[in-house]
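Engineer:
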Amino acid sequence: MFELVQQQPSRPQRVVVMGAGGFVGASVVRQLRAEGIDVSPLTRREVDLLSDDAAQGLADRLKPSDCLVFISAVAPARTAAQLADNVAMARSACEALGRVKVAHLVYLSSDAVYADDASLVTEASCLRPAGLHGAMHVAREAMMASTQVPLCILRPTAIYGASDPHNSYGPNRFRRQAAAAQDIVLFGGGEEMRDHIAIDDVAALLSLCIQHRAKGILNAATGESASFRQVAELVAAASGQPARIVETPRQAPITHRHFDTARLIAAFPRFAFTRLSGGLAAAGAAAKGSPSS
Amino acid sequence: MSKPVIGFAGMTHLGLVSAAAAAAKGFSTVAFDSDPARVAALSAGKLHVVEPELDATIAAAGRLRFVDSAAELSGCDLIYVAPDVPTDDQGSSDLSGVEALLDTVRSAARSDAVIVILSQVPPGFTRRRATGDRGLFCQVETLVFGRAVARALKPERIIVGASDPVLDLPAPYAAFLASFACPVLRMRYESAELAKIAINCFLVASVSTTNMLAELCEKIGADWGEIAPALRLDARIGPHAYLAPGLGIAGGNLERDLATIGRLSAAAGTDACVARSWQVNSGRRRDWVLRILHETVLGDRDPLIAVLGLAYKENTHSTKNSPALRLIRQLAPFRLSVFDPVVGSEAVSFHGRTTVASAPLKACHDAQALCIMTPWPAFRQLAPAAIAAAMRGRLVVDPHGLLDNASARASGLDHRVLGRPARG
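If you're matching them up, the sequences are chains A and B in order.
Per our numbering, the first sequence starts with residue 6, numbered consecutively.
Per our numbering, the second sequence starts with residue 4, numbered consecutively.
In structure tokens, the structure reads:
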């Protein structure tokens with residue numbers, strides 16, 4: 006279920022963002038501040054969630070009136086050790102919340118919690134993670150729910166943006182390949198359909214969830230999927246470079262993923278997503294403007 | 004024997020229509036409801052139920068007597084217990100009303116009177132309430148909103164659930180059923196109770212299959228309107244199959260039956276995945292209009308949305324599970340202008356930004372988008388050119404295809420119909 010506890014949005018007294026140093030966290034902090042919300046960003050420097058005193062360290066920084074946004078993760082979790090670390094980090098957060106029960110908790114999960122072959126995904130789709138990363142989020146969602154703090158879980162689909170540090174297959178890698186005047190390399194013909202969401206849209210949705218004190222689970226997806234070939238073509242067109250799109254022999258069967266975004270639309274009917282073409286062009290332009298990213 | 008006197012208890016939709024049909028068949032009929040105000044209104048010819056031909060049927064029958072005292076049922080040879088059974092959002096039935104009314108009827112009836120539960124009850128209910136000391140039967144109701152009188156007067160068959168289906172029906176019951184001149188199928192209680200659900204499951208299967216394929220049509224450039232006639236000519240599918248795409252399955256009763264199947268199957272350890280899939284598909288198609296509005300006009304600055312039709316389907320006053328009201332709830336932040344030929348403004352009073360118009364075209368005035376949510380026949384008469392002239396925007400979401408697509412397009416409207424590609 007998903008409900009807006011406050012039909013009319015209002016700023017919380019303060020939002021503590023745990024994991025503010027990462028790709029998503031930094032964007033969330035920027036978004037909330039732009040909306041005039043008092044934000045306390047926390048990174049590993051302030052609270053190392055894997056340290057022995059992490060729970061107390063985080064609890065010391067929380068007030069009962071806070072909204073806590075929990076984003077910290079070693080992502081993607083690919084090894085058993087990374088899975089265990091991610092669970093340990095969530096444990097620290099849960100213990101901190103046991104000491105200081107905040108007013109609202111927002112957990113950033115992932116669509117990796119759903120089965121790989123789930124084609125039309127809703128929030129009610131079966132949780133059947135194919136890998137450790139999804140299993141990690143399933144476990145952490147349950148841990149967050151066990152705190153008894155009013156909880157909103159956001160499960161974003163693949164996020165793209167200029168400052169994404171990951172180089173996984175998709176818009177971010179294609180953009181870097183195009184910027185470096187390399188070929189954009191597709192798996193097979195790039196037939197797979199995926200829903201790609203702009204980082205700014207994720208941050209804006211998260212802000213809406215905070216300001217409406219949302220409770221429950223919401224997929225953060227646009228509802229419009231595109232094939233990797235279409236993404237590559239959009240990236241190539243936006244790059245201004247004569248990027249070539251190269252197909253490679255297919256190694257794995259084609260799977261598609263679409264989202265049924267009825268819950269999101271019903272909750273936030275005015276919300277307008279960044280169109281993929283515009284979002285990819287903006288990400289390309291932003292990346293050019295900041296060579297460090 | 005002389006004609007039996009027939010009693011009906013519970014004067015909501017089912018009971019009222021059934022009592023009217025019995026009287027129209029020439030039987031002396033006693034119609035009991037414990038609400039004196041309702042009985043007074045009915046006696047004065049004021050009906051709280053809208054059904055084609057219902058007023059005329061009651062007026063012409065003459066043998067129908069509305070009473071608010073259960074003691075009056077003592078003169079009846081055959082008494083139907085027929086209150087509507089309310090359902091909640093989860094499709095669970097609240098059986099307390101029918102339980103209580105059955106007790107009332109049993110206390111008031113003569114010891115030789117036959118009692119028939121006409122309300123839809125879940126499998127197991129009648130056996131649990133049968134005491135063995137007098138005849139208790141259940142009979143499957145096949146009420147269809149908007150066609151209730153016609154179906155009550157001329158049922159295609161009558162399904163009777165009995166404690167022992169081999170035994171002959173009591174004389175008053177047999178005489179009454181014979182007046183309908185249709186096949187009477189006797190079966191055990193549980194079979195009859197499940198037969199109703201079975202009928203609905205087959206209807207849902209047709210509707211859900213239609214809805215699944217209609218969505219695919221919209222995406223791949225096919226037109227369901229071209230495909231459906233081919234299916235109707237297939238003897239295995241048939242001319243009366245439910246092949247009109249809809250906004251999921253609505254109305255409450257079908258959902259209740261799917262929920263019942265889910266509960267029974269879970270308890271019995273049988274598979275009900277198919278029924279679960281129907282529920283999922285229904286949930287998805289229910290939001291078809293909202294999705295289109297979100298893709299098109301909801302991002303505009305304070306758009307005005309016109310909604311024609313509030314009733315859950317044509318020719319009924321019922322708004323229970325109405326797709327229109329669901330949409331209106333979802334459009335809470337937006338300005339709305341609505342019209343329905345029967346349903347009054349009280350149905351939308353929960354929405355603070357709604358204007359109730361006095362005519363369809365007035366509702367369309369200055370609207371960015373028009374949604375025709377109930378297939379009232381009158382809406383088919385609306386000229387697309389007049390709609391286009393009244394509206395500010397071009398989007399007409401017409402799930403049931405009431406407007407002629409070619410005329411709508413010729414008038415410059417962006418006419419969206421279930422099962423048809425957006426620009427097809």
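Think of the CB as a built atom: it goes at the ideal place given N, C-alpha and C, for glycine as much as any other residue.
For a contact meaning CB atoms closer than 8 Å, what does Asp-290(B) contact in chain A?
Structural biologist: Chain A residues near Asp-290(B): Ala-267, Ile-270, Ala-271.
Engineer: In its own chain, which residues sit with a C-beta less than 7 Å from the C-beta of Glu-159(B), not counting the 5 before and 5 after it?
Structural biologist: Cys-185, listed in sequence order.
Engineer: Could you check the C-alpha separation between Ser-297(A) and Leu-285(A) for me, to the nearest Å?
Structural biologist: Confidence at Ser-297(A) is low in this model, with a pLDDT of 40, below 50, so the placement of that residue should be treated as unreliable; the coordinate-derived value is given next. Approximately 18 Å, taken between the alpha carbons.
Engineer: Interface residues of chain B around Ala-277(A) at Cβ under 9 Å?
Structural biologist: Those within 9 Å of Ala-277(A) in chain B are His-297, Leu-301, Gly-302.
Engineer: Does any residue of chain A bring its CB to less than 9 Å from the CB of Phe-337(B)?
Structural biologist: Interface residue, yes.
Engineer: Using DSSP with H/G/I as helix, E/B as strand and the rest coil, what is Cys-72(A)?
Structural biologist: It is a strand residue.
Engineer: Spell out whether any CB of chain B is found under 9 Å from the CB atom of Pro-274(A).
Structural biologist: So yes, Pro-274(A) belongs to the interface.
Engineer: Please name the residue or residues paired with Glu-252(A) in a DSSP beta bridge.
Structural biologist: Glu-252(A) is bridged to Leu-191(A).
Engineer: Are any of the Cβ atoms in chain A nearer than 9 Å to that of Gln-333(B)?
Structural biologist: Cβ-Cβ to chain A under 9 Å: yes for Gln-333(B).
Engineer: Measuring only the C-alpha atoms, how far is Cys-291(B) from Ala-225(A)?
Structural biologist: Strictly speaking, residue 291(B) in this sequence is Trp, with Cys absent from that position. Rounded to the nearest angstrom, the two C-alpha atoms are 19 Å apart.
Engineer: Using CA atoms only, rank isn't needed, just tell me which of Gln-18(A), Arg-16(A), Val-33(A), Met-23(A) is closest to Gly-166(A).
Structural biologist: Considering only alpha carbons, the answer is Val-33(A).
Engineer: Starting from the beta carbon of Leu-293(B), find every residue of chain A whose beta carbon is closer than 9 Å, and list them in chain order.
Structural biologist: Within 9 Å Cβ-Cβ: Ala-267, Ile-270, Ala-271, Pro-274.
Engineer: Looking only at C-alpha atoms, which of Arg-83(A), Leu-54(A), Pro-254(A) sits nearest to Ser-97(A)?
Structural biologist: Checked all of Arg-83(A), Leu-54(A), Pro-254(A); the closest Cα to Ser-97(A) is Leu-54(A).
Engineer: Could you check the C-alpha separation between Gly-255(B) and Ala-25(B) for me, to the nearest Å?
Structural biologist: Near 26 Å, if we compare the C-alpha coordinates of Ala-25(B) and Gly-255(B).
Engineer: Chain B beta carbons: is any one of them nearer than 9 Å to that of Thr-260(A)?
Structural biologist: Chain B contact via Cβ: absent.
Engineer: Secondary structure at Glu-144(B), three-state DSSP: helix, strand or coil?
Structural biologist: Three-state result, Glu-144(B): coil.
Engineer: Measure from the C-beta of Val-277(B) to each C-beta in chain A and report whether the shortest distance is under 9 Å.
Structural biologist: No, no contact with chain A.
Engineer: Assuming Pro-387(B) is part of the alpha helix (DSSP H), what are its boundary residues?
Structural biologist: Residues 387 to 393.
Engineer: Give the range of the alpha helix (DSSP H) segment to which Thr-107(B) is assigned.
Structural biologist: Note, Thr-107(B): alpha helix (DSSP H), 99 to 111.
Engineer: May I ask you to report which of helix, strand or coil DSSP gives Ala-225(B)?
Structural biologist: Coil.
Engineer: Of the choices Thr-127(A), Asp-121(A), Val-126(A), whose alpha-carbon is the least far from that of Leu-137(A)?
Structural biologist: If we check each option's Cα against that of Leu-137(A), Asp-121(A) comes out closest.
Engineer: What does Arg-426(B) touch in chain E if you count any residue whose Cβ is under 7 Å from its own?
Structural biologist: Of the chains in the structure shown, none is chain E; the protein chains are A and B.
Engineer: For the beta strand (DSSP E) holding Glu-8(A), just list the boundary residues, first then last.
Structural biologist: Start and end: 7 to 9.
Engineer: Using 9 Å as the threshold, is the C-beta distance between Ile-164(A) and Phe-179(A) below it?
Structural biologist: Not closer than 9 Å, so no.
Engineer: For Thr-48(A), decide whether its Cβ has a neighbour in chain B, counting only Cβ atoms nearer than 9 Å.
Structural biologist: Judged by the 9 Å Cβ criterion, Thr-48(A) is not in contact with chain B.
Engineer: List, in chain order, every chain A residue whose beta-carbon is nearer than 9 Å to that of Arg-287(B).
Structural biologist: Simply Leu-125, Thr-127, Asp-265, Ala-267.
Engineer: Using 9 Å as the threshold, is the C-beta distance between Leu-373(B) and Gln-333(B) below it?
Structural biologist: Cβ distance not < 9 Å, so Leu-373(B) and Gln-333(B) don't count as in contact.
Engineer: With 9 Å set as the bound, which would you pick, yes or no: does the beta-carbon of Ser-298(A) sit closer than that to a beta-carbon of chain B?
Structural biologist: At Ser-298(A), the pLDDT of 38 sits below 50, so the modelled position is not reliable and the matter cannot be decided from this model.
Engineer: When you compare each of Tyr-83(B), Ala-111(B), Gln-93(B) to Val-101(B) by their alpha carbons, which one comes out closest?
Structural biologist: Residue Tyr-83(B) is the option with its Cα nearest to Val-101(B).
Engineer: Are there 16 or more other CB atoms within 10 angstroms of the CB of His-403(B), so buried, or fewer, so exposed?
Structural biologist: Flag for His-403(B) reads buried.
Engineer: Looking at Arg-189(B): is its Cβ nearer than 9 Å to the Cβ of Pro-168(B)?
Structural biologist: Taking 9 Å as the Cβ cut-off, Arg-189(B) and Pro-168(B) qualify as a contacting pair.
Engineer: Look up Asn-224(A) in the DSSP assignment and give the residues it is bridged to.
Structural biologist: Asn-224(A) pairs with Arg-160(A).
Engineer: What's the call for Gln-182(A), buried or exposed, on a 16-neighbour Cβ count within 10 Å?
Structural biologist: Result: buried.
Engineer: Does the separation of the CB atoms of Arg-288(B) and Leu-250(B) fall below 9 Å?
Structural biologist: In contact: Arg-288(B) and Leu-250(B) (Cβ atoms closer than 9 Å).
Engineer: Verify the CB distance criterion: does Cys-131(A) have a CB-CB separation below 9 Å to chain B?
Structural biologist: Cβ-Cβ to chain B under 9 Å: no for Cys-131(A).
Engineer: Specify the secondary structure class of Ile-61(B) as computed by DSSP and reduced to three states.
Structural biologist: Helix.
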